[in-house]
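Below: one structure, written as structure tokens.
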Amino acid sequence: MSFANIQQVEIRQGPLQRFLGLADVCVRSAGGGDPEAAGKGHAQESSLHMGVFEGVPNAVEIRDLVIERLRRFREAGLGDPEDARAAAPAVRTPDRSTQNAVAELLEEARALGRVLRADAARLDNLAP
7 MSFANIQQVE IRQGPLQRFL GLADVCVRSA GGGDPEAAGK GHAQESSLHM
57 GVFEGVPNAV EIRDLVIERL RRFREAGLGD PEDARAAAPA VRTPDRSTQN
107 AVAELLEEAR ALGRVLRADA ARLDNLAP
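At position 56 of the sequence shown the residue is numbered 62 (the working numbering), and the sequence of numbers has no breaks.
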């Protein structure tokens, strides 16, 4: 997958992944669509390639790294700099207080998971 074609970077996380502190990072790029699928109303998805980092504990860092490298690539002097800025995805970086709140919430969720696993183990020991 080429940085020149990346169009979207997103984090997906289901309830079980959230409980385990994991997530998927999906990177989509343009090109190579299936013309038959495009005729069936799937034009947008068929014209995208997707790469997935599955079940990673550091999804935010991976996403931020890909976006930062994409930004550097687009600012590397290839084409008009104004075009590069216009084409770059709009990414809002959370401020420090938001990051701290998310980190605290994650630690609390992990602590809750440890308590639940310990309770489940105790209940297993009580079962006949």
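Cβ coordinates follow ideal geometry from the N, Cα and C atoms, glycine included.
Next on the checklist: DSSP three-state label for Gln105, please.
Outcome noted: Reading the sequence shown from its first residue, position 99 is the one you call residue 105. Correct three-state label for Gln105: helix.
Checklist entry - Who are the near neighbours of Glu60 in its chain, counting only those whose CB is closer than 6 Å to its CB and skipping five residues on each side? => result As a first step, residue 60 must be located in the sequence shown, where it is residue number 54. Closer than 6 Å at Cβ, skipping near neighbours: Asp30.
Next on the checklist: I'd like to confirm the pairing. Which residues does DSSP put opposite Ser35 in its beta bridges?
Outcome noted: In the sequence shown, the residue the question calls residue 35 occupies position 29. DSSP lists Ile12 and His55 as partners of Ser35.
Item to check | Of the residues Val33, Arg116 and Ser8, the one placed nearest Arg69, counting alpha carbons only | outcome: The residue given as residue 69 occupies position 63 in the sequence shown. Closest option to Arg69, Cα to Cα, is Val33.
Checklist entry - Are Val4 and Leu26 closer than 8 Å when you measure CB to CB? => result For the chain, the structure presents residues 7 to 134; residue 4 sits outside this window and is missing.
Next on the checklist: In the DSSP assignment, the alpha helix (DSSP H) including Ala1 goes from what residue to what residue?
Outcome noted: Residue 1 lies beyond the range of the chain shown here (7 to 134); nothing can be said about it.
Item to check | Environment of Leu111 [buried if 16+ CB atoms lie within 10 Å] | outcome: Along the sequence shown, read from residue 1 onward, the residue named residue 111 stands at position 105. With fewer than 16 Cβ atoms within 10 Å of its Cβ, Leu111 is classed as exposed.
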